[in-house]
Amino acid sequence: MLVGLNGLLLVASVLLRVPGSLLIDLFVRGDLSALERIEARHLPRLLFGINAIERIDFSHLPRALVGLSLVALSCGLVIRARTAWAFSLVMLALAAIINVHLNIRFDLTFALSIVSIALLLWYWREFDRASFAAATLYTLVAVFALVVYATFGTMYLGSEFAPPVTDLATAFYFAIVTMTTVGYGDIVPHSTDARLFTASVIIFGISVFATSLTVVIGPLVGGNLKKILAGRFTHVIRKQHFIVAGASPLAINVHHELTKRGWPVTVIIASGVDNPYPEDADVIHGDASDNAVLTHAGIEHAKAVLALRSDDSENAFIVLAAKEIAPGVRTIASVNDSKHLSKLKRVQPDMIFAPPVVGGELLARTLSGETVDNDTVMRLLFHGDTEK
Numbered sequence: 011m012l013v014g015l016n017g018l019l020l021v022a023s024v025l026l027r028v029p030g031s032l033l034i035d036l037f038v039r040g041d042l043s044a045l046e047r048i049e050a051r052h053l054p055r056l057l058f059g060i061n062a063i064e065r066i067d068f069s070h071l072p073r074a075l076v077g078l079s080l081v082a083l084s085c086g087l088v089i090r091a092r093t094a095w096a097f098s099l100v101m102l103a104l105a106a107i108i109n110v111h112l113n114i115r116f117d118l119t120f121a122l123s124i125v126s127i128a129l130l131l132w133y134w135r136e137f138d139r140a141s142f143a144a145a146t147l148y149t150l151v152a153v154f155a156l157v158v159y160a161t162f163g164t165m166y167l168g169s170e171f172a173p174p175v176t177d178l179a180t181a182f183y184f185a186i187v188t189m190t191t192v193g194y195g196d197i198v199p200h201s202t203d204a205r206l207f208t209a210s211v212i213i214f215g216i217s218v219f220a221t222s223l224t225v226v227i228g229p230l231v232g233g234n235l236k237k238i239l240a241g242r243f244t245h246v247i248r249k250q251h252f253i254v255a256g257a258s259p260l261a262i263n264v265h266h267e268l269t270k271r272g273w274p275v276t277v278i279i280a281s282g283v284d285n286p287y288p289e290d291a292d293v294i295h296g297d298a299s300d301n302a303v304l305t306h307a308g309i310e311h312a313k314a315v316l317a318l319r320s321d322d323s324e325n326a327f328i329v330l331a332a333k334e335i336a337p338g339v340r341t342i343a344s345v346n347d348s349k350h351l352s353k354l355k356r357v358q359p360d361m362i363f364a365p366p367v368v369g370g371e372l373l374a375r376t377l378s379g380e381t382v383d384n385d386t387v388m389r390l391l392f393h394g395d396t397e398k
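Using the numbering used here, read the sequence shown as starting at 11 and increasing by one per residue.
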């Protein structure tokens, strides 16, 4: 809200050429007595009957452009967009520097810029939403605003360059050359104001382009392209593989033993859960009972689906989803609570692995001195068709 208010005050102060504090009294506080402090010469600037060139004061044009940018960026700050946060910092810093350059550092807009920068930096964790479309939009707005600022600023200070800049085409050329830090040297600033202006264009040109590359090109290369390449790669290797659903100790150990034997394994863990698997593991984040997630994991070409989550009901749903999509793929489910064994059998997995049952039975047989053979172990371990 402060950012948007600051932007409106910057634009209004340029149009009316009145202090920001007066605009606050008039439009925010509703103090009509502020009208008495507005000189008569301020009002005709808003009328269309005045010549357009007469209404333009190039020295204050950058403030208006920054103000318009802040108004647009405030919409992104409302939805906590990370891109809007980054560009708002750049524009607020630019607004403060322009105020200092114009010797109006004690204006209300200058104070709002400093306060807004401090608040944005303090609450930076709140702006965590990323949008590629929003990032692209704000990048274009920032680049456009910078080009306009550099072009019209060069026009305003045209006589302070050697040779003098007298037309928009030359001003635009100098703006692009300066923003990109090429610096051919054919147009040189020879006054202090022109040098400071050129330095500001270079600094903000680098800042805007660096921010643009970070928020637009970075996610495109680091995220989307990586997903495309990863998708093509995993699509090739997800054949004759095992799908392990879960991040339980049993699932982690099964993944370790299968990969140690050279079997390809795809793991599905719930979204938001820390990944306990090795960095080179083929991990998919999502609901393992979701048909789309199982299809993405390549269930049609899998050797088996292992439902090894810590929740027995979730294991049952995973088995049902696997049988619905790929009835011919073998399903294996683990039971964490022996009370759920009979219920899990109703979903008819091809194999049920019951560590609690086998642990208790084997320990009791050993303590009782009973014989434990392979058939007994297999019967206890897998409450299902072990020959399938």
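Virtual Cβ for every residue (Gly too), placed ideally from N, Cα, C.
Expected contact under 8 Å - CB spacing of VAL275 and THR269 to nearest Å: Taking the first residue of the sequence shown as position 1, residue 275 is located at position 265. Taking the first residue of the sequence shown as position 1, residue 269 is located at position 259. About 6 Å separates the two Cβ atoms, so the contact holds.
Where SER344 falls: helix, strand or coil (DSSP): Here residue 344 corresponds to residue number 334 of the sequence shown, with the count starting at 1. Residue state, collapsed to three classes: strand.
Backbone secondary structure at PHE219 - three-state DSSP: Within the sequence shown, residue 219 is the residue found at index 209, counting from 1. Helix.
N-terminal and C-terminal residue of the beta strand (DSSP E) that PHE137 is part of: As a working mapping, residue 137 is identified with position 127 in the sequence shown. It is not in any beta strand (DSSP E) - PHE137 carries neither H nor E in the DSSP assignment.
Anticipated Cβ contact below 8 Å, ALA96 with SER123, distance rounded: Indexing the sequence shown from 1 puts residue 96 at position 86. Indexing the sequence shown from 1 puts residue 123 at position 113. About 16 Å; that fails the 8 Å criterion.
Nearest-angstrom Cα separation, counted from PRO365 out to LEU372: Looking up residue 372 in the sequence shown gives position 362. Looking up residue 365 in the sequence shown gives position 355. Computed Cα separation, rounded: 10 Å.
Buried versus exposed, by CB contacts within 10 Å (16 or more), ARG90: Numbered from 1 along the sequence shown, position 80 holds the residue referred to as residue 90. Exposed.
Through-space distance from GLU324 to HIS350, alpha-carbon basis: In the sequence shown, residue 350 corresponds to position 340, counting from 1. In the sequence shown, residue 324 corresponds to position 314, counting from 1. C-alpha separation (whole angstroms): 12 Å.
Contact between the segment 253-265 and the segment 308-319 (3+ Cβ pairs under 8 Å): yes
Cutoff 7 Å; reference GLY296; Cβ partners in own chain excluding five residues on either side: Position 286 of the sequence shown, counting from 1, holds the residue named residue 296. Same-chain partners within the cutoff: ILE278, SER281, VAL303.
Spatial neighbours of ARG248 in its chain, beta-carbon cut-off 8 Å, leaving aside the 5 residues before and after: If you number the sequence shown from 1, residue 248 lands on position 238. Correct list, in chain order: PRO274, THR276, ASP292, ALA307, GLY308, HIS311, ALA312.
CB of ALA160 within 7 Å of CB of VAL211, strictly: By one-based count along the sequence shown, residue 160 stands at place 150. By one-based count along the sequence shown, residue 211 stands at place 201. Yes, Cβ-Cβ distance for ALA160 and VAL211 is below 7 Å.
Three-state class that DSSP yields for ASN384 in the structure shown: Reading the sequence shown from its first residue, position 374 is the one you call residue 384. Here ASN384 sits in helix by DSSP.
Closest Cα partner of ILE216 within the set VAL187, ALA336, PHE120: Here residue 216 refers to the residue found at position 206 of the sequence shown. Of the listed residues, the one whose Cα sits closest to ILE216 is VAL187.
Beta-carbon spacing of VAL339, VAL357 below 7 Å: For the purposes of this step, residue 339 is identified with residue 329 of the sequence shown, where counting begins at 1. For the purposes of this step, residue 357 is identified with residue 347 of the sequence shown, where counting begins at 1. No, these two residues do not count as a Cβ contact at 7 Å.
Buried or exposed (CB count within 10 angstroms, at least 16 for buried), ILE213: Position 203 of the sequence shown, counting from 1, holds the residue named residue 213. By the neighbour-count rule (16 or more Cβ atoms within 10 Å), ILE213 is not buried but exposed.
Pair within 7 Å by beta-carbon distance, ALA331 and THR341: Looking up residue 331 in the sequence shown gives position 321. Looking up residue 341 in the sequence shown gives position 331. No, Cβ-Cβ distance for ALA331 and THR341 is not below 7 Å.
Candidates ILE197, LEU354, ASP284, LEU99: closest to TYR133 by CA position: Position 123 of the sequence shown, counted from the first residue, corresponds to residue 133. It is LEU99.
Sequence-distant residues of its chain with Cβ nearer than 7 Å to ALA82 (five each side left out): Along the sequence shown, one-based indexing puts residue 82 at 72. The residues are VAL151.
Distance, HIS266 Cα to TYR287 Cα: Reading the sequence shown from its first residue, position 277 is the one you call residue 287. Reading the sequence shown from its first residue, position 256 is the one you call residue 266. Distance between the alpha carbons of TYR287 and HIS266: 9 Å.
Cβ distance (whole Å) where LEU156 is taken to contact MET165 below 8 Å: In the sequence shown, the residue the question calls residue 156 occupies position 146. In the sequence shown, the residue the question calls residue 165 occupies position 155. Their Cβ separation, rounded to whole angstroms, is 15 Å, which puts LEU156 and MET165 out of contact at 8 Å.
8 Å CB neighbourhood of LEU57 in its chain, flanking five on each side removed: Here residue 57 refers to the residue found at position 47 of the sequence shown. Note that LEU57 scores 37 on pLDDT, short of 50, meaning its location in the model is unreliable and no value can be drawn from it.
Exposed unless 16 or more other CB atoms sit within 10 angstroms - verdict on THR396: In the sequence shown, counting from the first residue as 1, residue 396 sits at position 386. Confidence at THR396 is low in this model, with a pLDDT of 38, below 50, so its placement is unreliable and the value that follows should be read with caution. Label assigned to THR396: exposed.
Length of the line joining the Cα atoms of VAL254 and SER344: In the sequence shown, counting from the first residue as 1, residue 254 sits at position 244. In the sequence shown, counting from the first residue as 1, residue 344 sits at position 334. C-alpha separation (whole angstroms): 11 Å.
Residue interval of the alpha helix (DSSP H) (run including HIS306): Translated into the one-based positions of the sequence shown, residue 306 becomes position 296. Its alpha helix (DSSP H) spans residues 301-306.
Identity of the residues DSSP links to PHE171 by a beta bridge: Numbered from its first residue, the sequence shown carries residue 171 at position 161. Paired residues: PRO199.
Euclidean distance between Cα positions of LEU130 and PHE219: Translated into positions along the sequence shown, residue 130 becomes position 120. Translated into positions along the sequence shown, residue 219 becomes position 209. Whole-angstrom Cα-Cα distance: 21 Å.
Residue range of the alpha helix (DSSP H) that includes VAL329: If you number the sequence shown from 1, residue 329 lands on position 319. First-last of the alpha helix (DSSP H) with VAL329: 322-335.
Sequence-distant residues of its chain with Cβ nearer than 6 Å to ILE63 (five each side left out): Stepping through the sequence shown from its first residue, residue 63 is reached at position 53. In this prediction, ILE63 has a pLDDT of 37, which is less than 50 and means its spatial position is unreliable; what the coordinates show is noted afterwards. Counting only Cβ-Cβ distances below 6 Å, and skipping sequence neighbours, we find nothing.
Cβ pair PHE171, ALA204 closer than 7 Å: Taking the first residue of the sequence shown as position 1, residue 171 is located at position 161. Taking the first residue of the sequence shown as position 1, residue 204 is located at position 194. In this structure, ALA204 lies closer than 7 Å to PHE171 by Cβ.
Whether THR190 touches PRO199 by CB criterion (7 Å): Taking the sequence shown and counting its residues from 1, the one referred to as residue 190 is at position 180. Taking the sequence shown and counting its residues from 1, the one referred to as residue 199 is at position 189. No, Cβ-Cβ distance for THR190 and PRO199 is not below 7 Å.
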